[in-house]
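Student: Each residue of the sequence shown is one higher than the one before, starting from 1 at the first, in UniProt numbering. Where is the CB? At the ideal position from N, CA and C, for every residue including glycine.
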Amino acid sequence: NHRYSLSDGVLIKDNHIAACGSIRRAVEKARATVPHTIAIEVETDTLEQVQECLECGVQIIMLDNMDLATMRQAVTMINGQALIEASGGVNLDTVRGIAETGVDIISVGALTHSARSCDIGLDWQ
Numbered sequence: 001n002h003r004y005s006l007s008d009g010v011l012i013k014d015n016h017i018a019a020c021g022s023i024r025r026a027v028e029k030a031r032a033t034v035p036h037t038i039a040i041e042v043e044t045d046t047l048e049q050v051q052e053c054l055e056c057g058v059q060i061i062m063l064d065n066m067d068l069a070t071m072r073q074a075v076t077m078i079n080g081q082a083l084i085e086a087s088g089g090v091n092l093d094t095v096r097g098i099a100e101t102g103v104d105i106i107s108v109g110a111l112t113h114s115a116r117s118c119d120i121g122l123d124w125q
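Right, dumping it as structure tokens:
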């Protein structure tokens with residue numbers, strides 16, 4: 001992951017956008033709250049949301065659960081104006097195609113939500 005803790009950056013998700021009424025308003029609230037050195041990332045589901053992020057000048061745009069064709073369109077739209085993170089549906093079968101779209105970061109949720117636990121015990125004598 002590109003963040004070590006919640007203090008390393010702002011991630012604006014769909015619930016934040018809904019609460020604020022728009023991506024622009026959510027980004028404005030975040031900028032008013034954190035130092036200018038903190039990156040702001042916005043989770044997007046549509047190309048319209050990607051465009052709104054570009055107009056707001058966010059540093060990282062997350063493409064969430066987009067198909068490869070839409071992801072390629074988003075990468076073309078962004079054209080180096082922000083870092084691009086792909087998230088959702090990433091597995092061994094899909095990761096190559098996602099990487100070939102030109103995104104900068106690929107999030108693999110399975111690393112945390114599907115990892116097998118290890119049965120470790122400690123006996124004190």
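What three-state label does DSSP hand N1 in the structure shown?
Tutor: Residue placement at N1 is poorly supported in this model, since its pLDDT is 46, which falls under 50; the coordinates are not used for a value here.
Student: Please report how far the alpha carbon of S7 lies from the alpha carbon of K29, in whole angstroms.
Tutor: Each residue's Cα considered, the two are about 16 Å apart.
Student: For A23, which of Y4, D123, E55, V75 has the nearest alpha-carbon?
Tutor: One point to set straight first is that residue 23 is Ile, not Ala, in the sequence displayed. Taking only the C-alpha atoms, the option nearest I23 is E55.
Student: Under three-state DSSP, which class holds L122?
Tutor: Residue state, collapsed to three classes: coil.
Student: Taking T101 as the reference, give the member of D64, A86, V108, N91 with the closest Cα.
Tutor: Nearest option by C-alpha distance: A86.
Student: If we require 3 or more residues per run, which beta strand (DSSP E) segments fall completely within the region 4-79?
Tutor: Runs found: 9-12, 39-44, 60-64.
Student: Could you pull the start and end residues of the beta strand (DSSP E) that A86 belongs to?
Tutor: Element bounds for A86: 83-87.
Student: Find out if the Cβ-Cβ distance for the pair D64, E43 is shorter than 7 Å.
Tutor: For D64 and E43, yes; Cβs fall inside 7 Å.
Student: Can you name the start and end residues of the alpha helix (DSSP H) that G97 belongs to?
Tutor: First-last of the alpha helix (DSSP H) with G97: 95-99.
Student: If contacts are defined as beta-carbon pairs under 8 Å, then I78 and I61 qualify, I think. What distance do you get, rounded to the angstrom?
Tutor: So it is a contact: roughly 6 Å between Cβ atoms.
Student: Short of 8 Å in beta carbon distance, which residues of its chain neighbour N1, apart from the five on each side in sequence? Order them along the chain.
Tutor: Here the model assigns N1 a pLDDT of 46, short of 50, so the residue's position is not dependable, and the following value carries that caveat. Here the set comprises S107.
Student: Pull up the distance between the alpha-carbon of H36 and that of W124, whole angstroms please.
Tutor: Cα to Cα, the separation comes out at about 50 Å.
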